[in-house]
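Take a look at the structure set out below.
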Amino acid sequence: MAERRINIGEITKIEGHANLTIEIDDNEVKKVMFGVHEGSRYFEALMVGKRYYYLPEIAGKICGICTVAHEIASVRAVEDALGMEVSEEVKNLRKLILISSHIQSHILHLYFLVLPDYKGVESAIELAEKNAELMKKAFKLKEASNYMTALIGGKAVHPCTIVPGKISKRITKITIDNYLKKMKEIYPLLLETAELFASLDYPSYERENEYVALSNGSTIPLYEGKIATMNNVFDVHEYGEHIKEWIVEYSSAKRSLVDGKDYMVGALARLNINRNLREEAKEIANRFGVKFPSHRVAWINAAQALENVHYALEAMEIAENMKEYEPRKVSTPKKDGEGIAAVEAPRGLLIHHYIIKNGKCIYANIITPTAMNTENIERSIRGYAAKLVDKDDDFIKKEVEKIIRAYDPCISCSVHMVRIRD
Amino acid sequence: MQFLNMEHEILDMLKHLKIKNFRLAKEINEWPVDIAFVEGTPTNRDEIRKLLKIRRDSKLLVALGSCAATGGIPALVNAMEKKEAMKVYNGMPPEIPVDAKPLKYYVNVDYTLYGCPFSIEELKELITSIIMGKEFRNKRYSVCVECSLMENGCLLKEGYLCMGPITRAGCKAKCPSNNASCLGCRSIYEDANLKGYIKILLDKGFSKDEIIEVFSLFSYEELKEVIAWLKEE
Numbered sequence: 077m078a079e080r081r082i083n084i085g086e087i088t089k090i091e092g093h094a095n096l097t098i099e100i101d102d103n104e105v106k107k108v109m110f111g112v113h114e115g116s117r118y119f120e121a122l123m124v125g126k127r128y129y130y131l132p133e134i135a136g137k138i139c140g141i142c143t144v145a146h147e148i149a150s151v152r153a154v155e156d157a158l159g160m161e162v163s164e165e166v167k168n169l170r171k172l173i174l175i176s177s178h179i180q181s182h183i184l185h186l187y188f189l190v191l192p193d194y195k196g197v198e199s200a201i202e203l204a205e206k207n208a209e210l211m212k213k214a215f216k217l218k219e220a221s222n223y224m225t226a227l228i229g230g231k232a233v234h235p236c237t238i239v240p241g242k243i244s245k246r247i248t249k250i251t252i253d254n255y256l257k258k259m260k261e262i263y264p265l266l267l268e269t270a271e272l273f274a275s276l277d278y279p280s281y282e283r284e285n286e287y288v289a290l291s292n293g294s295t296i297p298l299y300e301g302k303i304a305t306m307n308n309v310f311d312v313h314e315y316g317e318h319i320k321e322w323i324v325e326y327s328s329a330k331r332s333l334v335d336g337k338d339y340m341v342g343a344l345a346r347l348n349i350n351r352n353l354r355e356e357a358k359e360i361a362n363r364f365g366v367k368f369p370s371h372r373v374a375w376i377n378a379a380q381a382l383e384n385v386h387y388a389l390e391a392m393e394i395a396e397n398m399k400e401y402e403p404r405k406v407s408t409p410k411k412d413g414e415g416i417a418a419v420e421a422p423r424g425l426l427i428h429h430y431i432i433k434n435g436k437c438i439y440a441n442i443i444t445p446t447a448m449n450t451e452n453i454e455r456s457i458r459g460y461a462a463k464l465v466d467k468d469d470d471f472i473k474k475e476v477e478k479i480i481r482a483y484d485p486c487i488s489c490s491v492h493m494v495r496i497r498d
Numbered sequence: 036m037q038f039l040n041m042e043h044e045i046l047d048m049l050k051h052l053k054i055k056n057f058r059l060a061k062e063i064n065e066w067p068v069d070i071a072f073v074e075g076t077p078t079n080r081d082e083i084r085k086l087l088k089i090r091r092d093s094k095l096l097v098a099l100g101s102c103a104a105t106g107g108i109p110a111l112v113n114a115m116e117k118k119e120a121m122k123v124y125n126g127m128p129p130e131i132p133v134d135a136k137p138l139k140y141y142v143n144v145d146y147t148l149y150g151c152p153f154s155i156e157e158l159k160e161l162i163t164s165i166i167m168g169k170e171f172r173n174k175r176y177s178v179c180v181e182c183s184l185m186e187n188g189c190l191l192k193e194g195y196l197c198m199g200p201i202t203r204a205g206c207k208a209k210c211p212s213n214n215a216s217c218l219g220c221r222s223i224y225e226d227a228n229l230k231g232y233i234k235i236l237l238d239k240g241f242s243k244d245e246i247i248e249v250f251s252l253f254s255y256e257e258l259k260e261v262i263a264w265l266k267e268e
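Heads up: the sequence lines are chains A and B, in that order.
Everything in the first sequence is counted per our numbering, starting at 77 for the first residue and increasing by one.
Everything in the second sequence is counted per our numbering, starting at 36 for the first residue and increasing by one.
This is the structure we're talking about:
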């Protein structure tokens with residue numbers, strides 16, 4: 077039995093249910109257990125036997141926050157499996173919806189889950205009582221990004237237009253213009269948000285580890301690309317050779333390593349790997365002394381706010397060059413095949429992998445960003461707690477919670493790590 | 036999540052209510068409460084116990100969204116052999132799974148909001164009704180009614196397997212309005228003509244297997260007798 081045991085039964089202000097135990101003996105951290113105790117959800121199991129066109133719909137239900145990322149990863153894996161061609165304009169529309177939902181997710185995380193820690197309040201609700209103007213801005217950003225997602229997706233949560241080969245509905249020039257107008261309207265608020273989150277007094281804790289993100293050499297891709305680490309680049313179809321998963325007994329989410337190393341995915345990983353942050357965002361980063369690449373874990377939050385600016389600019393460029401979109405009938409060249417797709421969800425790399433036979437799914441594997449991050453989170457907690465052992469329990473709790481929240485773990489996403497092969 | 040999607044209106048609502056317990060957004064969470072909104076449904080024994088405790092500690096309990104209302108997508112697992120479900124965890128499931136049932140299977144549910152996601156408009160209507168002491172009723176007609184009011188073309192006529200004719204309204208027919216079939220996330224309404232609907236689908240050339248699949252997506256628990264009958268037929 078450890079002489080000192082710090083326990084958080086239920087970590088608040090993260091999505092889903094997780095607990096934390098830190099055991100300290102002789103002023104040394106002996107054991108850290110970041111346990112996910114969300115019920116198993118069997119998504120990969122229940123996808124088996126379903127027709128290919130229902131897979132994106134089912135995948136979207138994995139998460140209410142990053143639905144769009146799941147739907148797009150799923151639809152792209154289906155298209156990869158069945159050899160379906162997708163036009164540039166469909167890709168662009170998908171990029172637009174990916175960006176608006178990305179911004180939405182980051183805003184939710186930054187203002188509602190992270191900011192209370194740095195403003196010394198227990199919740200965003202208390203923050204709203206003390207600083208109504210600030211929270212009104214947050215709501216405005218959230219509302220606007222949901223509005224843009226719904227313009228293309230039909231609905232903000234669980235969009236219904238992301239189907240194999242196309243976007244299901246006609247997108248008029250007016251719709252594109254409305255998207256563009258809204259993005260322009262909130263752009264100044266995104267700049268303000270980046271300034272706010274680049275200037276917070278974050279824990280200075282740093283830990284060297286590997287990072288993984290999509291990469292294409294020229295942008296900070298969300299929709300498609302190769303998978304890159306700090307030392308390696310490989311095709312998404314080779315993920316199985318690089319990313320290894322295992323199970324720990326105290327958690328219902330799997331753990332994973334890349335090329336034998338623990339790794340981080342998400343906003344900081346994206347900016348560490350892709351040095352293509354646009355000038356407008358880079359200027360803010362420089363002004364507040366935020367630099368990439370960096371091992372400072374809590375800078376994930378700064379990276380999120382900065383990349384929001386970057387992606388807003390990218391979305392405006394795409395929208396400005398878009399014409400009206402009319403869905404066409406799509407053909408499925410094959411009825412059988414294996415497909416793998418990786419996209420960047422707000423929390424990091426997301427992989428969907430299916431085998432389809434006679435139009436029905438016979439194998440599904442989904443690796444979510446939080447599942448990739450869990451090992452990394454646990455090691456960061458261990459490292460940070462080791463620096464804090466001479467502080468009292470409450471202080472340690474508060475500080476490690478900041479580190480956990482920085483990752484924006486989405487626990488409900490992380491518990492589908494089940495494999496089934498028929 | 037949809038709660039926060041009420042956006043700035045939450046700020047107005049906070050003048051009339053106090054949020055006492057919201058783990059996603061709050062550090063300090065208190066019981067008991069007047070109204071408990073429960074999303075999702077238990078998939079292990081621990082969660083059943085949690086649900087029973089919530090019921091004890093609240094005056095009104097609202098089932099929020101498809102999973103809470105009907106078992107939703109997780110109920111698809113109910114159709115699987117339990118042996119198969121265990122197998123997917125490489126023989127070591129973290130907890131023994133229980134079937135995903137609607138909340139009303141375990142506890143008394145005062146109000147139900149259907150849909151995946153549930154409708155924010157209906158949530159606002161419900162909260163306002165409770166505060167003002169008015170009656171709240173779910174829609175007792177089909178998505179088809181709302182779809183026709185939107186003057187959409189009929190997806191079923193165009194050859195898509197659309198669940199609009201038997202699905203409970205209240206979503207303003209969002210999916211069909213975006214040229215995507217209704218998949219029945221709000222489950223069937225009380226007077227749905229299931230037999231007539233199945234006959235139409237069979238006449239249109241859909242196979243029983245296809246009908247069973249789409250019926251199972253969100254309504255396996257509600258329709259399992261119909262599904263069993265379709266399988267036997």
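All C-beta atoms in this analysis are idealised placements derived from N, C-alpha and C, irrespective of residue type, glycine included.
With 16 other Cβ atoms within 10 Å as the buried cut-off, status of residue i
i: arginine 175 (chain B); result: exposed
i: arginine 363 (chain A); result: exposed
i: glycine 499 (chain A); result: Residue 499 (chain A) is absent from the structure shown; chain A starts at 77 and stops at 498.
i: methionine 185 (chain B); result: exposed
i: aspartate 134 (chain B); result: buried
i: isoleucine 360 (chain A); result: buried
i: valine 67 (chain A); result: The first residue shown for chain A is 77 and the last is 498, placing residue 67 (chain A) beyond what the model contains.
i: serine 280 (chain A); result: exposed
i: serine 407 (chain A); result: exposed
i: proline 200 (chain B); result: buried
i: isoleucine 2 (chain B); result: For chain B, the structure presents residues 36 to 268; residue 2 (chain B) sits outside this window and is missing.
i: asparagine 397 (chain A); result: exposed
Whether residue i touches residue j by CB criterion (7 Å)
i: tyrosine 483 (chain A); j: isoleucine 443 (chain A); result: no
i: glycine 298 (chain A); j: leucine 174 (chain A); result: The sequence given here has leucine at residue 298 (chain A), not glycine. Yes. Within cutoff.
i: methionine 211 (chain A); j: leucine 203 (chain A); result: yes
i: valine 312 (chain A); j: isoleucine 479 (chain A); result: no
i: isoleucine 134 (chain A); j: histidine 146 (chain A); result: no
i: histidine 371 (chain A); j: arginine 458 (chain A); result: no
i: histidine 43 (chain B); j: phenylalanine 215 (chain A); result: yes
i: glycine 76 (chain B); j: leucine 138 (chain B); result: The question names glycine, but residue 76 (chain B) in the sequence shown is threonine. Going by C-beta atoms, threonine 76 (chain B) is nearer than 7 Å to leucine 138 (chain B).
i: alanine 157 (chain A); j: glutamate 414 (chain A); result: yes
i: alanine 395 (chain A); j: isoleucine 252 (chain A); result: yes
i: valine 324 (chain A); j: glutamate 286 (chain A); result: no
i: glycine 231 (chain B); j: methionine 198 (chain B); result: no
i: valine 190 (chain A); j: asparagine 384 (chain A); result: no
i: glycine 205 (chain B); j: glutamate 157 (chain B); result: yes
CB contact check: residue i to chain B, cutoff 7 Å
i: phenylalanine 188 (chain A); result: yes
i: leucine 122 (chain A); result: yes
i: valine 373 (chain A); result: no
i: serine 199 (chain A); result: yes
i: histidine 318 (chain A); result: no
i: valine 162 (chain A); result: no
i: serine 244 (chain A); result: yes
i: phenylalanine 110 (chain A); result: no
i: arginine 497 (chain A); result: Summary for arginine 497 (chain A): the model assigns pLDDT 34, below 50, so the residue's position carries little reliability; its value from the coordinates is reported in the next sentence. Judged by the 7 Å Cβ criterion, arginine 497 (chain A) is not in contact with chain B.
Cutoff 7 Å: residue i Cβ touching any chain A Cβ
i: arginine 58 (chain B); result: yes
i: cysteine 210 (chain B); result: yes
i: alanine 71 (chain B); result: no
i: isoleucine 83 (chain B); result: no
i: glutamate 193 (chain B); result: no
i: methionine 41 (chain B); result: no
i: lysine 61 (chain B); result: yes
i: lysine 152 (chain B); result: The identity of residue 152 (chain B) in the sequence shown is proline, whereas the question assumes lysine. Proline 152 (chain B) counts as touching chain A.
Contacts of residue i in chain E (Cβ-Cβ under 8 Å)
i: valine 112 (chain B); result: Among the protein chains in the structure shown, which are A and B, there is no chain E.
Residue i, enclosing beta strand (DSSP E) - first and last residue
i: isoleucine 63 (chain B); result: Here isoleucine 63 (chain B) belongs to no beta strand (DSSP E), and DSSP marks it neither H nor E.
i: alanine 98 (chain B); result: 93-99
i: histidine 428 (chain A); result: 424-433
i: serine 332 (chain A); result: 331-334
i: methionine 198 (chain B); result: Unbroken run through methionine 198 (chain B): none, as it is neither H nor E.
Residue i, enclosing alpha helix (DSSP H) - first and last residue
i: lysine 258 (chain A); result: 249-274
Residues bridged to residue i [DSSP beta-bridge criterion]
i: cysteine 486 (chain A); result: A:Glu91
i: asparagine 441 (chain A); result: A:His429
i: valine 419 (chain A); result: A:Leu426
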